[in-house]
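Report on the structure given below.
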Amino acid sequence: MKFRYFYFPLLVLLVVPIVFILTGYTWDLNQLTSHSSLWNLVTVTADSIFPALLTSIILLGIILYFYRANIKLCLAIAIYCFGAVVSTQIIKEVAKSTFEEPRPFMYQVAYRLQEIDADKFIKEFEQAYAANPSNPSPYQANVDGDGSLDDLIAQVQQNQDATSELADDDQAPKRVQDYLDYYYDKLNPQQRIAFIKFYQNSYMQGVQEQSRRAALDRLAAESPYSFPSGHSIFAATWMMIFMMMAFMARKLSFWLVTAGVVVWGSAVEISRVILGYHYAHDVLASNIIAACFVGATYWIMLYIYRFLNRGAQETQEQE
8 MKFRYFYFPL LVLLVVPIVF ILTGYTWDLN QLTSHSSLWN LVTVTADSIF
58 PALLTSIILL GIILYFYRAN IKLCLAIAIY CFGAVVSTQI IKEVAKSTFE
108 EPRPFMYQVA YRLQEIDADK FIKEFEQAYA ANPSNPSPYQ ANVDGDGSLD
158 DLIAQVQQNQ DATSELADDD QAPKRVQDYL DYYYDKLNPQ QRIAFIKFYQ
208 NSYMQGVQEQ SRRAALDRLA AESPYSFPSG HSIFAATWMM IFMMMAFMAR
258 KLSFWLVTAG VVVWGSAVEI SRVILGYHYA HDVLASNIIA ACFVGATYWI
308 MLYIYRFLNR GAQETQEQE
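Per the working numbering, the sequence shown runs over residues 8 to 326.
Structure (structure tokens):
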């Protein structure tokens, strides 16, 4: 395969994750991007099922429009694109279930809880969950009006400080792993969301925490594992397809459209890191997987096209 067909698109895909890695970017729950609404909108375009299906239909329609003069090639391209997108998503699912790497947000939560005895916190969570599965909380405001929100927040902070003083610093790393093991090995999806709710109700009280609570709710609602990034694989697959097709089309108009697709795909990948869904190395691995798979299966499309042409020629000869 020529350099421009595979290696140049691959280099383009490596730019975003490598920039994050070289700059040492680390997502922190305390730092929310001022453009979170924009990034949330961008990441939705590569979301599972309907949004991703709609995006795929639009992108495939654009490619077929440029190749509309050759029906057989359009059919080969459609089969190729469908196979590439579906196959890379299957690879993603297999990899996630194999590596089971926790998402950045859960590391953040576990790290913040490292000064608190894991057994105690987990026991309190289980008691609160039994009482109120949808919104477990260690504290409850006085329904008679004797207590106030400020008193509640002060009580939470006092409890956190007291617990931290009793904690053994030497055991902090072990407690981080204990929380991760409990979250991933002992809880089902509904209970994981409840666990995050319990953490929020314990240590994220007050109006100033609303934006962080909302961000954490979105993160907890996603699939639990980080590596690799399904959104990034989806975006990288389409970027790779468009760049390879642009070299075939050799049209400036197609290259302009391809540039737009690359900008969109890069924005999706950036959003996954900035919003705390993935690490930069998740995106890097996802792009390499997508590029290698799309590049390797490129020959399948050419074979399908030649097969269709050969069949058409044989039919004409028989006539």
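For glycine and all other residues, C-beta sits at the position ideal for the given N, C-alpha and C. Given the structure is predicted, the values throughout are model-derived calculations rather than measurements.
One alpha carbon belongs to A297, the other to F241, and they sit about 8 angstroms apart. As for any beta strand (DSSP E) of minimum length 3 sitting wholly inside the region 80-154, there is none. Contact check for R219 against L36 passes: the beta carbons are separated by less than 8 angstroms. Using a C-beta cut-off of 8 angstroms, the region 55-69 makes no contact with the region 18-25, since fewer than three inter-stretch Cβ pairs fall below that distance. In this structure the region 235-249 does not lie against the region 204-219, because fewer than three pairs of beta carbons, one per stretch, are closer than 8 angstroms.
In this chain, the alpha helix (DSSP H) harbouring Q207 covers 196-210.
Around L282, the same chain offers W46 as residues with beta carbons nearer than 6 angstroms, after the five sequence neighbours per side are excluded.
Distance from the CA of Y74 to the CA of A102, rounded to the nearest whole angstrom, comes to 34 angstroms.
Residue pairing by DSSP places Y232 opposite P109 in a beta bridge. Around the beta-carbon of P111, 16 or more other beta-carbon atoms lie within 10 Å, marking it buried. Under the DSSP assignment, N77 falls outside any alpha helix (DSSP H); it carries neither an H nor an E label. The beta carbons of T304 and A85 sit no closer together than 8 angstroms. A221 places its beta carbon 8 angstroms or farther from that of I203. In the structure shown, K181 adopts helical secondary structure according to DSSP, grouped into three states.
Pairing M251 with V19 gives a Cβ-Cβ distance that is not under 8 angstroms. The beta carbon of Y312 sits closer than 7 angstroms to those of K79, L80, A83, all from its chain and outside the five residues before and after it, given in chain order.
DSSP places I56 outside any alpha helix (DSSP H), giving it a letter other than H or E.
Buried is the label assigned to L291, since at least 16 other Cβ atoms lie within 10 Å of its Cβ.
A residue is called buried when at least 16 other Cβ atoms come within 10 angstroms of its Cβ; A53 meets this threshold and is buried.
Leaving aside the five residues that flank Y232 on each side, the residues in its chain whose CB is nearer than 8 angstroms to its CB run, in chain order, K103, S104, F106, E107, E108, P109, R110. With 16 or more neighbouring CB atoms inside 10 Å of its own CB, R279 falls in the buried class. In the structure shown, R219 falls within a helical segment according to DSSP collapsed to helix, strand and coil. The C-alpha of V301 lies about 10 angstroms from the C-alpha of I295.
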